[in-house]
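Numbering (this note's numbering), first residue to last: 16 to 205.
C-beta: ideal position from N, C-alpha, C; glycine also.
Let me begin by presenting the structure, written as structure tokens, before commenting on it.
Structure representation (structure tokens):
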């Protein structure tokens, strides 16, 4: 059973994750996180000395969540093409969030790439995990250009999230998701 300290630490991480996604890392202060958790700001230093340490924990959480999602895709089917199609469903599952705030991975990575290379490298870990997994799926279908296809799929997914968020367009997400599924099938059905 976890301690109260573990619970408070997790509350800070969860609140920061949501705030970094909705507002951005640079626009979120310790006070914002304190307000969201009800934990006094002074108590944060027991768990995290800096906001960068909170970011590290948020990225670790996002890696953990993505790993679980990819694991569910793998558990559901042994067919790599089907796994890619299942993964693409993330657009539909998260449609409301995508329209409101974009992609939690892409938004954070883009924001940090402008300011701090060390922080960007940390946030990029999520994309590295995703790229490697998508590449393995394309390679399992026998395609020799799996890394290129992985980058293309990531670009398609990120492009949809940016445009959907910019225009707040649900129909665009639905249409683009179907186009991405067709593209996956086109590339993997030999």
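> Counting along the chain, where does the alpha helix (DSSP H) carrying residue 108 start and finish?
Replying inline: 105-108
> Thinking just about the alpha-carbon of each residue, which of 137, 100, 134 and 132 is nearest to the one in residue 165?
Replying inline: 100
> Buried or exposed: where does residue 40 fall if 16 or more other Cβ atoms within 10 Å of its Cβ makes it buried?
Replying inline: buried
> Around the Cβ of residue 16, are there at least 16 other Cβ atoms within 10 angstroms (buried) or fewer (exposed)?
Replying inline: With a pLDDT of 46 at residue 16, under the threshold of 50, the predicted position of this residue should be treated as unreliable, though the coordinate-derived value follows. Exposed: under 16 other Cβ atoms inside 10 Å.
>> Once DSSP output is grouped into helix, strand and coil, what is the label at residue 204?
In response: Residue 204: coil per DSSP, three-state reduction.
> Taking DSSP as the reference, what is the three-state secondary structure of residue 54?
Replying inline: coil
> So what's residue 42 in DSSP terms, helix, strand or just coil?
Replying inline: coil
>> Could you tell me the alpha carbon to alpha carbon distance between residue 181 and residue 96, rounded to whole angstroms?
In response: 30 angstroms
> For residue 183, does the count of other Cβ atoms within 10 angstroms reach 16, so buried, or fall short, so exposed?
Replying inline: Exposed, by the Cβ-count rule.
> How would you call residue 92, buried or exposed, if buried means at least 16 neighbouring beta carbons within 10 angstroms?
Replying inline: exposed
>> Within a Cβ cutoff of 8 angstroms, which residues of the same chain sit near residue 126, ignoring the five residues on either side of it in sequence?
In response: 39, 40 and 41
> Along the chain, where does the alpha helix (DSSP H) that runs through residue 81 open and close?
Replying inline: 66-91
> So, helix, strand or coil for residue 16, using DSSP?
Replying inline: With a pLDDT of only 46 at residue 16, under the threshold of 50, the placement of this residue in the model should not be trusted; the figure read from the coordinates follows. Look at residue 16 here: in three-state DSSP terms it is coil, with no helix or strand label.
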